[in-house]
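**Student:**
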Amino acid sequence: MVKANLVKENLTGDNIGVFFGTLAPMHIGHQAEIYKAAALNDGVVVITSGYTGDRGDQIGLPVEKRFRYLREAFNDEENIKVDYINEDDIPQMPNGWQEWTDRLTATIKRNITNPNAKITLYTGEADYKEMLEKLLPSDGHWGVSLMDRTILKVSATAVRNDPLGNWDYINRVFRRHFAKKILVVGAPQSGKSTLTRRLARTSNSPFSVEYSRSYQEKSNVFDSELLIKDYMRIIQGQYDANSAEINSPANNGLTFFDTDAMVTMAETKSWLQQDDAKKLKALFDNTIREEELDLILVIPAEVAVQNGMDEEASKTFEKHLWQVMEEYGFEDKAVALDRKGDSDDPAGYYARYLQALEIIEDKVGVNLTKV
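Take a look at the structure:
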């Protein structure tokens, strides 16, 4: 049975490899180097290093977050242990080599059991090799090996500059950070579920379904009968459903969601007593804050009305939805799908589909008509 990271014991053996770097993000080139070190040693310590404002932090991947992603990525590797170095309190390179090397050696030692083990550090930079050989302890236990990075020609810089163009090179755990998240919303019977499904399949991307629909069908309750406990389950259930698609191996850089916590919050404004709705505020705050959506496609209420929904109820829901999006700072991410159809498309379904494709290209930078 493979031990989880949280209970993973320190590495044993006489030969320990060390792979270090910014790892923002980790890509398949890093993985190949780490696995080479693992094959040549009894175990490997993988160390991500960085400081506030570094190149990872600038794209929302601070060193602590990279550490957590790496620990998850190697959770099933018993002989690979992950740690990190926060450089905030030491001089930045090239002025902090001695302080950084001292911290590096201390980090390695706290992850191994044999104080006399031979430690081999692996790097792809000749300058790093030269500096480390000068600064590492001279007790005969330390060495530096220069790796050949021409085998897998990919760089973290290229990934950061064009994540979707380099998607196949990004480690799967790190992919969630770069995935573009597109939400489709609208009043009941507006066709949002159909549009979500068709947009996702156009790009062969994963998509979530509306959790509340299956929940209500299973519980056999109407909107007006939902209680606080029901909404709590719906909020968490939809968040989990959306997260599952982000983390899915099928994620190709685009993910589509049919409904989210903002939609559920708008529904509570229509169906739940105000005092009860206030009790859900903290849960809404926490959930919506985690969503980090890139685009929200809004189907106008008039479409639901055309499909038989009550006009007042549909427009009230839409008003509440825009209020919620504005409250949480997502109004600038939201675009109304207001294009009308022609005589061949009187309901406007195809017109809104084409409009959505154009908006995705404009706002997200992905042309689905060429996928």
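In case it helps, the numbering used here puts the sequence shown at residues 12 to 382. For each residue, glycine too, the CB sits at the ideal point set by N, CA and C. Keep in mind it's a predicted model, so treat the numbers as computed, not measured.
#1: Tell me where the alpha helix (DSSP H) around V309 begins and ends.
#2: Cα separation between K14 and D87?
#3: Please classify K290: does DSSP put it in a helix, a strand, or coil?
#4: Leaving out five residues on either side along the sequence, give the residues of the same chain with a beta carbon under 8 angstroms from the beta carbon of A190.
#5: Buried or exposed: D269, going by 16 or more other Cβ atoms within 10 Å of its Cβ?
#6: Let me check understanding here. Comparing Cα to Cα, which of G352, A137, R66 lies closest to N172?
#7: In its own chain, which residues sit with a C-beta less than 6 angstroms from the C-beta of V382, not counting the 5 before and 5 after it?
#8: Return helix, strand or coil for D25, following the three-state DSSP convention.
#9: Note down the Cα distance separating V375 from I307, rounded to an integer number of angstroms.
#10: Grab me the residues of D99's own chain with a C-beta within less than 6 angstroms of its C-beta, minus the 5 sequence neighbours each way, in chain order.
#11: From the DSSP output, in three-state form, read off Y62 for me.
#12: Closest by CA to R77, which one among D94, E89, L206?
#13: Cutting at 6 angstroms between CB atoms, please list the residues of its own chain near M12, excluding the five before and the five after it.
#14: Measure the C-alpha to C-alpha separation of V170 and V316 and round it to an integer number of angstroms.
#15: Just mark V384 as buried or exposed, buried being the case when its beta carbon has 16 or more other beta carbons within 10 Å.
#16: Report the three-state DSSP secondary structure of Y95 (helix, strand or coil).
#17: Buried or exposed: E44, going by 16 or more other Cβ atoms within 10 Å of its Cβ?
#18: Less than 6 angstroms between C-beta atoms, sequence neighbours within five positions excluded: which residues of the same chain meet that for N21?
#19: Measure the beta-carbon distance from P199 to M320 and round it to whole angstroms, keeping in mind my assumption that it falls under 8 angstroms.
#20: Return the CA-CA distance between F341 and A293, expressed in angstroms with no decimal places.
#21: Which one or two residues does DSSP pair with A367 in a beta bridge?
#22: According to DSSP, simplified to helix, strand and coil, what is A347?
#23: DSSP state of I5, grouped into three classes?
#24: Report the three-state DSSP secondary structure of H152 (helix, strand or coil).
#25: Can you give me the start and stop residues for the alpha helix (DSSP H) that G248 sits inside?
#26: So the candidates are Q247, S254, S223; which of them puts its Cα closest to the Cα of E278?
#27: Where does the unbroken alpha helix (DSSP H) through I119 begin, and where does it stop?
#28: Identify, in the order they occur along the chain, each residue of the same chain with its Cβ nearer than 7 angstroms to the Cβ of P102, setting aside the five sequence neighbours on each side.
#29: Opposite F268 in the DSSP bridges: which residues?
#30: Under the rule that 16 or more other beta-carbon atoms within 10 Å means buried, what is S219, buried or exposed?
#31: From the DSSP output, in three-state form, read off V55 for me.
#32: Rounded to a whole number of angstroms, what is the C-alpha to C-alpha distance between T131 and M37?
#33: Tell me which residue opens and which closes the alpha helix (DSSP H) that T131 is part of.
**Tutor:** Reading off the structure:
#1: From DSSP, V309 is part of no alpha helix (DSSP H) but of the beta strand (DSSP E) over 306-310.
#2: Legend: pLDDT at K14 = 40, less than 50; position of this residue unreliable, value from coordinates given subsequently. When rounded, the distance between both Cα atoms is 7 angstroms.
#3: coil
#4: I257, N262, G264, L265, T266
#5: buried
#6: R66
#7: At V382 the pLDDT is 48, less than 50, meaning the model places this residue with poor confidence; the figure from the coordinates comes in the next sentence. If we look at V382 and ignore the five residues flanking it on each side, its Cβ neighbours are S214.
#8: coil
#9: 11 angstroms
#10: Y62, T63
#11: coil
#12: D94
#13: Legend: pLDDT at M12 = 36, less than 50; position of this residue unreliable, no value from coordinates given.
#14: 45 angstroms
#15: No information on residue 384 is available, as it lies outside the stretch 12 to 382 that the chain covers here.
#16: strand
#17: buried
#18: N122, I123, T124
#19: 6 angstroms
#20: 18 angstroms
#21: Looking at the DSSP assignment, A367 forms no beta bridge with any residue, so it has no partner.
#22: strand
#23: Any question about residue 5 goes unanswered here, given that the chain covers just 12 to 382.
#24: coil
#25: 239-257
#26: S223
#27: 108-120
#28: E110
#29: L194
#30: buried
#31: strand
#32: 20 angstroms
#33: Counting along the chain, T131 falls outside any alpha helix (DSSP H), though it belongs to the beta strand (DSSP E) covering 129-134.
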